[in-house]
Amino acid sequence: MKSAVVLFPGSNRERDAVRALRLVCGSEPKVVWHGDSELPSGTDLVVLPGGFSYGDYLRCGAIAARSPVMDAVRKHADAGGLVLGICNGFQILCESGLLPGVLMRNAQMRFQCRVVGLRVENSDTPFTRGYNAGQVIHIPVAHGEGNYEADAETLTRLEGDGRIAYRYCGPNGELEPKYNINGAIASIAGIVSEKHNVLGLMPHPENHVEEQMGSTDGRGLFAGMLEHVSRAA
Amino acid sequence: MKARVTVTLKPSILDPQGKAIEGALKSLGVGGIASVRQGKIFEIEVEGGDKAKAEAALKQAADKLLANTVIENYRVEIE
Numbered sequence: 001m002k003s004a005v006v007l008f009p010g011s012n013r014e015r016d017a018v019r020a021l022r023l024v025c026g027s028e029p030k031v032v033w034h035g036d037s038e039l040p041s042g043t044d045l046v047v048l049p050g051g052f053s054y055g056d057y058l059r060c061g062a063i064a065a066r067s068p069v070m071d072a073v074r075k076h077a078d079a080g081g082l083v084l085g086i087c088n089g090f091q092i093l094c095e096s097g098l099l100p101g102v103l104m105r106n107a108q109m110r111f112q113c114r115v116v117g118l119r120v121e122n123s124d125t126p127f128t129r130g131y132n133a134g135q136v137i138h139i140p141v142a143h144g145e146g147n148y149e150a151d152a153e154t155l156t157r158l159e160g161d162g163r164i165a166y167r168y169c170g171p172n173g174e175l176e177p178k179y180n181i182n183g184a185i186a187s188i189a190g191i192v193s194e195k196h197n198v199l200g201l202m203p204h205p206e207n208h209v210e211e212q213m214g215s216t217d218g219r220g221l222f223a224g225m226l227e228h229v230s231r232a233a
Numbered sequence: 001m002k003a004r005v006t007v008t009l010k011p012s013i014l015d016p017q018g019k020a021i022e023g024a025l026k027s028l029g030v031g032g033i034a035s036v037r038q039g040k041i042f043e044i045e046v047e048g049g050d051k052a053k054a055e056a057a058l059k060q061a062a063d064k065l066l067a068n069t070v071i072e073n074y075r076v077e078i079e
């Protein structure tokens, strides 16, 4: 699988993404600068990593979403290529219109930095097929603006089309407000695009891929993408 | 020409920053504050003297970048 990790000024999780891809998918990703207008040829997966692109100035992800590389990312997504936006990457995907909705300040007014429970809602996407539907995994979060919001019509569409990939949950998959760490509508932690080839996710699966990290729960996400690409080939 | 674009959250959108400021004002003992909503102001210097042209450019700026119209409203004022 050929993957590319986009580097924006202010990204700070690109190395974690590169390391996870190298470890789980077994190939070396290319790092692409945000000012580039093309992706390396044959790219299967583009990762928009976490961090604080452009210092979160204006709105999180707003300026990065309008950078030259995003036209290439949009073309890649339109052609059915995989795009994974993690944390700030999710904010960039929403700001660029590749995913619907917005990420607001955490409703509890606190930056959240901890490991959370995530329930896999739909195992029929490239980003979730490495798990079983209903499975609970544990993944770290670190964000101040991860409160996903969408209007009622969008939410109905997301629910109806199986586009909610992950939700914040308790140890046994409970969807109670106390487990919804940022107040996101319907406890949404990650959604996919209409064609299921773009995922935006607030938690950081790349930080739970080795025993030394305390858990390997994030591996399934990368393994699933690899399987998807291998089967398509 | 001096212009100003004011961006505010739509009234239906939760504003945790405004709520935090509201709480802080109350704890500081500032009386008579019912509620606070916060937003952004962009002070922009526009080239040339054509007001209609300036307004069109500022609207484009707001729609393309300054505001996220899913959640925010904006107002353009030219002096």
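Residue numbers (the UniProt record's numbering), protein chains in the order written: chain A, 1 to 233; chain B, 1 to 79.
Built from N, CA and C at the ideal position, the CB exists for glycine as well.
Small disclaimer: the values here were computed from a predicted structure and weren't measured.
Cβ of residue i within 8 angstroms of any chain A Cβ
i	result
I71 (chain B)	yes
P16 (chain B)	yes
A20 (chain B)	yes
Endpoints, the alpha helix (DSSP H) within which residue i is located
i	result
V18 (chain A)	E14 to C25
N147 (chain A)	Here N147 (chain A) belongs to no alpha helix (DSSP H); instead the beta strand (DSSP E) covers N147 to E149.
L93 (chain A)	N88 to E95
K19 (chain B)	P16 to S27
K53 (chain B)	K51 to A61
A152 (chain A)	A152 to G160
V229 (chain A)	R219 to A232
Neighbour flag for residue i against chain B, beta carbons, 8 angstroms
i	result
M104 (chain A)	yes
A62 (chain A)	yes
M70 (chain A)	no
R66 (chain A)	yes
A4 (chain A)	no
M109 (chain A)	yes
E153 (chain A)	no
R59 (chain A)	yes
E95 (chain A)	yes
Terminal residues of the beta strand (DSSP E) in which residue i lies
i	result
T43 (chain A)	Segment: none, T43 (chain A) is in no beta strand (DSSP E) and carries neither H nor E.
G39 (chain B)	G39 to E45
G200 (chain A)	V198 to L201
K72 (chain B)	Note that residue 72 (chain B) corresponds to Glu in the displayed sequence, not to Lys. E72 to I78 is the span of the beta strand (DSSP E), which, as asked, contains E72 (chain B).
T6 (chain B)	K2 to L9
S3 (chain A)	S3 to L7
K30 (chain A)	K30 to W33
A189 (chain A)	I188 to V192
V136 (chain A)	V136 to H143
R167 (chain A)	I164 to C169
is_contact[residue i, chain D] using C-beta, thresh 8 angstroms
i	result
V47 (chain A)	Absent from the structure: chain D. Protein chains present are A and B.
Do three or more CB pairs link the stretch 91-105 of chain A to the stretch 209-216 of chain A at distances below 8 angstroms? Not touching, per the Cβ criterion.
At least 3 beta-carbon pairs within less than 8 angstroms: the stretch 32-43 of chain B vs the stretch 4-22 of chain B: With three or more CB-CB distances shorter than 8 angstroms, the stretch 32-43 of chain B counts as touching the stretch 4-22 of chain B.
I want to know whether the stretch 6-24 of chain A touches the stretch 37-57 of chain A - three or more CB-CB distances under 8 angstroms. Short answer: they touch.
Taking only runs that begin and end inside the stretch 56-126 of chain A, name each unbroken beta strand (DSSP E) of 3 or more residues, in chain order. Counting only runs of 3 or more, we get 82-86, 102-104 and 112-120.
Three Cβ pairs or more, each shorter than 8 angstroms: is that satisfied between the stretch 49-60 of chain B and the stretch 146-161 of chain A? Because the criterion of three Cβ pairs below 8 angstroms is not met, the stretch 49-60 of chain B and the stretch 146-161 of chain A do not touch.
Take every Cβ of the stretch 160-169 of chain A, pair it with every Cβ of the stretch 187-197 of chain A, and state whether three or more of those distances are shorter than 8 angstroms. Cβ pair count under 8 angstroms is three or more, so yes.
Does the pairing of the stretch 57-66 of chain A with the stretch 59-67 of chain B give three or more beta-carbon distances under 8 angstroms? Yes, since at least three Cβ pairs between the stretch 57-66 of chain A and the stretch 59-67 of chain B fall closer than 8 angstroms, the two stretches touch.
Using 8 angstroms as the threshold, is the stretch 68-85 of chain A in touch with the stretch 27-37 of chain A, meaning 3 or more CB pairs across them? Yes: at least three Cβ pairs fall under 8 angstroms.
According to a CB-to-CB cut-off of less than 7 angstroms, which residues of the stretch 44-67 of chain B neighbour chain A? Cβ contacts with chain A come from L65.
Does the stretch 107-118 of chain A touch the stretch 76-90 of chain A, meaning 3 or more C-beta pairs lie closer than 8 angstroms? No, they do not touch.
Which residues, in order along the stretch 74-91 of chain A, keep a beta-carbon less than 7 angstroms from a beta-carbon of chain B? The residues in question: there are none.
Hey, is the stretch 174-187 of chain A in contact with the stretch 214-230 of chain A, meaning 3+ C-beta pairs nearer than 8 angstroms? When C-beta atoms of the stretch 174-187 of chain A are compared with those of the stretch 214-230 of chain A, fewer than three pairs fall below 8 angstroms, so the two segments do not count as touching.
Pairing CB atoms from the stretch 196-206 of chain A with CB atoms from the stretch 217-232 of chain A, are three or more of them under 8 angstroms? Enough Cβ pairs lie closer than 8 angstroms, so yes.
The stretch 126-139 of chain A touching the stretch 151-158 of chain A, judged by at least three CB pairs closer than 8 angstroms: The way I'd put it, the stretch 126-139 of chain A doesn't touch the stretch 151-158 of chain A; fewer than three beta-carbon pairs between them come closer than 8 angstroms.
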